[in-house]
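Colleague: Counting the sequence shown from 1 gives a position; my numbering is that position plus 93. The C-beta atom is built at its ideal place from N, Cα and C for all residues, glycine as well. Quick one: the structure is below, and I'll ask about it shortly.
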Amino acid sequence: MSKRYKAGVIGATGMVGQRFVTLLADHPWFELTALAASSRSAGKTYEEAAGKRWLMSVPMPEQAKNLMVLDADADVEKVKAAVDFVFCAVDMPKAEILALEDKYAKAEIPVVSNNSANRWTPDVPMVIPELNFDHLKVIEAQRKRLGTKRGFIAVKSNCSIQSYVPALYPVNEKYPASQILVCTYQAISGAGKNFDTWPEMIDNVIPYIGGEEEKSEREPLKVWGRVEGAEIVTADLPAITAQCIRVPVSDGHTAAVFVRFADAKPGKDEIIDIWKNYKSPILKYDLPSAPKQFLRYFEDDNRPQAKLDRELEGGMAVSCGRLREDTQYDYKFVCLSHNTLRGAAGGAVLLAELLCAEKYI
Ligand code: NAP
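As structure tokens, this is what we get:
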């Protein structure tokens with residue numbers, strides 16, 4: 094692709110914002126041209142605003158250091174003058190995020206959002222690019238509602254679902270699942286923390302993550318849904334029950350999954366073949382952040398492990414292992430994805446690449 098796109102980051106000083114800034118530094122299609130955050134950070138250089146709370150393992154990119162941080166709410170026109178689209182990852186009350194994302198979209202700035210506020214807006218696509226990118230076509234209806242030509246909002250799903258939904262989605266096409274039981278073991282970076290800022294997590298397990306179980310049970314049904322007219326109609330099945338647990342891992346959400354199929358039950362080798370041979374429909378675009386092999390199956394009983402396997406294909410692949418028959422469900426298995434790469438900023442960057450390839454941006 095010859096065109097370069099100018100990208101802004103709203104919420105640039107936060108943990109996910111920092112990850113966006115890092116991913117955009119060497120991106121072949123995107124150039125970081127605007128940063129915005131709250132009025133507390135506005136008017137400072139990015140280094141002044143975020144330098145002391147830089148959480149990434151790599152240094153702050155040079156080209157970001159001297160960019161002036163804009164006020165996300167007051168400076169929409171300045172952001173607009175500098176960008177082709179924005180990524181958004183802000184920590185604000187839901188109603189304020191809805192208003193902010195609306196404001197950008199109505200100003201004709203496409204918004205690729207990491208926030209949960211718009212995930213249940215019926216004409217906002219919630220896309221895992223390798224799975225349900227056909228949902229992007231609802232953007233035309235959203236533009237009509239917003240009265241825009243270019244502006245729209247697209248979101249990514251919660252990080253907790255981004256291992257078991259990718260694993261089950263291609264299997265479900267041939268063998269519909271009726272029930273899924275899942276326990277997630279979620280890394281502390283999902284709370285915007287590391288072991289320095291959350292020492293209580295060392296040698297500890299916390300059996301509650303606010304709002305996470307509801308997201309883990311409901312969001313897959315939108316991903317499995319279909320576009321009908323001006324909205325996405327969610328799927329009725331599979332029924333999902335989830336427990337989400339915080340574990341002392343820096344990065345990488347693991348899920349232990351039990352699945353029951355509605356009718357016919359595939360053989361174990363068939364499921365592994367489906368995983369190994371899954372060809373994502375977006376491969377044709379050769380997107381810079383897309384993994385070559387989206388789903389990887391490990392034969393070794395000790396895999397996948399967060400520490401060993403979360404960085405697979407730049408943290409964008411999903412690892413599966415330990416598939417076996419179950420005495421109560423049909424099968425059980427374990428899967429893993431990187432929560433801040435595939436599950437957050439990396440997934441949003443991939444979504445933006447797809448939106449460019451499909452000419453929505
Ligand atoms: P965070 O580290 O607390 O950062 C929050 C960002 O929002 C900062 O840039 C902050 O700017 C900005 N902000 C706060 N109040 C604002 C206001 N009134 N106007 C404009 N900007 C404002 O949060 P985070 O962990 O990056 O999460 C950001 C979003 O991503 C949240 O919606 C979260 O649920 C979602 N998310 C996070 C993860 C993860 O792995 N952490 C995963 C999935 C989704 P200042 O620095 O100026 O205050």
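Below 9 Å between beta carbons: does that hold for P341 and I295?
Modeller: Yes, they are a contact pair.
Colleague: Alpha carbon to alpha carbon, what distance is there between L416 and V248?
Modeller: Answer to the nearest angstrom: the Cα atoms are 31 Å apart.
Colleague: According to the neighbour-count rule (16 or more other Cβ atoms, all chains shown, within 10 Å of its Cβ), is D289 buried or exposed?
Modeller: The residue in question, D289, is exposed, as its Cβ has fewer than 16 Cβ neighbours within 10 Å.
Colleague: So which of N297, Y301, S309, N287 has the shortest CA-CA distance to I273?
Modeller: Cα-wise, what sits closest to I273 is S309.
Colleague: Buried or exposed: which applies to S250, given that a residue is buried once 16 or more other Cβ atoms fall within 10 Å of its Cβ?
Modeller: Flag for S250 reads buried.
Colleague: Pop quiz: A105 and V114 are said to be a contact at Cβ under 8 Å. What is the actual Cβ separation, rounded to whole angstroms?
Modeller: That belief holds up - the Cβ atoms of A105 and V114 are roughly 6 Å apart, short of 8 Å.
Colleague: Taking Cβ positions, are N207 and F180 nearer each other than 9 Å?
Modeller: Cβ distance < 9 Å, so N207 and F180 count as in contact.
Colleague: Just checking my contact of A118 with P154 at CB under 8 Å: how many whole Å lie between their CB atoms?
Modeller: About 4 Å separates the two Cβ atoms, so the contact holds.
Colleague: How many Å lie between I364 and F351 at the Cα?
Modeller: When rounded, the distance between both Cα atoms is 14 Å.
Colleague: Would you report the Cα separation of A348 and C428, rounded to the nearest angstrom?
Modeller: Cα to Cα, the separation comes out at about 5 Å.
Colleague: Taking the DSSP output, what are the residues bridged to G107?
Modeller: None, per the DSSP bridge assignment.
Colleague: Check whether the Cβ of D166 lies closer than 8 Å to any heavy atom of ligand 1, and answer yes or no.
Modeller: Because some heavy atom of ligand 1 lies under 8 Å away, the Cβ of D166 counts as near it: yes.
Colleague: Check for me: the beta strand (DSSP E) holding C428 runs from which residue to which?
Modeller: Counting along the chain, the beta strand (DSSP E) containing C428 begins and ends at 424 to 430.
Colleague: In angstroms with no decimal places, state the Cα-to-Cα distance between D216 and C413.
Modeller: Near 32 Å, if we compare the C-alpha coordinates of C413 and D216.
Colleague: Please tell me whether Q336 and N432 are closer than 9 Å, where the distance is taken between their beta carbons.
Modeller: Going by C-beta atoms, Q336 is not nearer than 9 Å to N432.
Colleague: Evaluate the contact criterion for the stretch 327 to 336 versus the stretch 228 to 248: three or more CB pairs, one atom per stretch, below 8 Å.
Modeller: Segments in contact, no.
Colleague: Which whole runs of the beta strand (DSSP E) in the stretch 246 to 299 are 3 residues long or more, in chain order?
Modeller: As far as the stretch 246 to 299 is concerned, its whole beta strand (DSSP E) runs of at least 3 residues are 246 to 248, 270 to 279.
Colleague: Can you tell me which of the three DSSP states T214 falls into?
Modeller: Here T214 sits in coil by DSSP.
Colleague: Since I believe I190 is in contact with T277 (beta carbons under 8 Å), could you give me their beta-carbon distance rounded to a whole number of angstroms?
Modeller: In fact, because the Cβ distance is near 24 Å, the residues do not count as touching under 8 Å.
Colleague: Per DSSP, K99 forms a beta bridge with which residues?
Modeller: K99 is bridged to E124.
Colleague: With DSSP as the reference, label L448 as helix, strand or coil.
Modeller: DSSP places L448 in helix when its eight states are reduced to three.
Colleague: Which residues bound the alpha helix (DSSP H) around A46?
Modeller: The requested residue 46 does not occur in the structure, where the chain is confined to residues 94 to 454.
Colleague: When DSSP labels each residue in this structure, what does Q156 get in the three-state scheme?
Modeller: Helix.
Colleague: Measuring only the C-alpha atoms, how far is P186 from S209?
Modeller: Cα-Cα distance, rounded: 11 Å.
Colleague: Ignore the nearest five residues each way along the sequence and tell me which others in G101's own chain have a CB closer than 6 Å to its CB.
Modeller: Taken in chain order, the residues that qualify are A127, V172, V176, V179.
Colleague: Is the Cβ-Cβ distance between S282 and D344 less than 9 Å?
Modeller: Against a cut-off of 9 Å, the Cβ pair of D344 and S282 comes out as a contact.
Colleague: Is S309 near ligand 1 - that is, is its Cβ less than 8 Å away from at least one heavy atom of it?
Modeller: Not so, every heavy atom of ligand 1 lies at least 8 Å from the Cβ.
Colleague: Give every residue of the same chain whose Cβ lies closer than 8 Å to the Cβ of M324, excluding the five residues on either side of it in the sequence, and list them in chain order.
Modeller: What sits at residue 324 in the sequence shown is Glu, not Met. Answer for E324: P215, D216, V231, A234, listed in chain order.
Colleague: If you run the structure through DSSP and keep just helix, strand and coil, what is V442?
Modeller: Residue state, collapsed to three classes: helix.
Colleague: Keeping to the same chain, check which residues put their C-beta closer than 7 Å to that of Y302; ignore five residues upstream and five downstream.
Modeller: Note that residue 302 is Ile in the sequence shown, not Tyr. Here the set comprises Q279, C337, R339.
Colleague: Out of Y424, S256, M108, L314, which has the shortest C-alpha to C-alpha gap to G436?
Modeller: Selected option, being the one with the closest Cα: S256.
Colleague: Alpha carbons only, please: which of A410, C252, P218 is nearest the one belonging to E305?
Modeller: Ranking A410, C252, P218 by Cα distance to E305 puts C252 first.
Colleague: S150 and A142 - do their beta-carbons sit closer together than 9 Å?
Modeller: Against a cut-off of 9 Å, the Cβ pair of S150 and A142 comes out as no contact.
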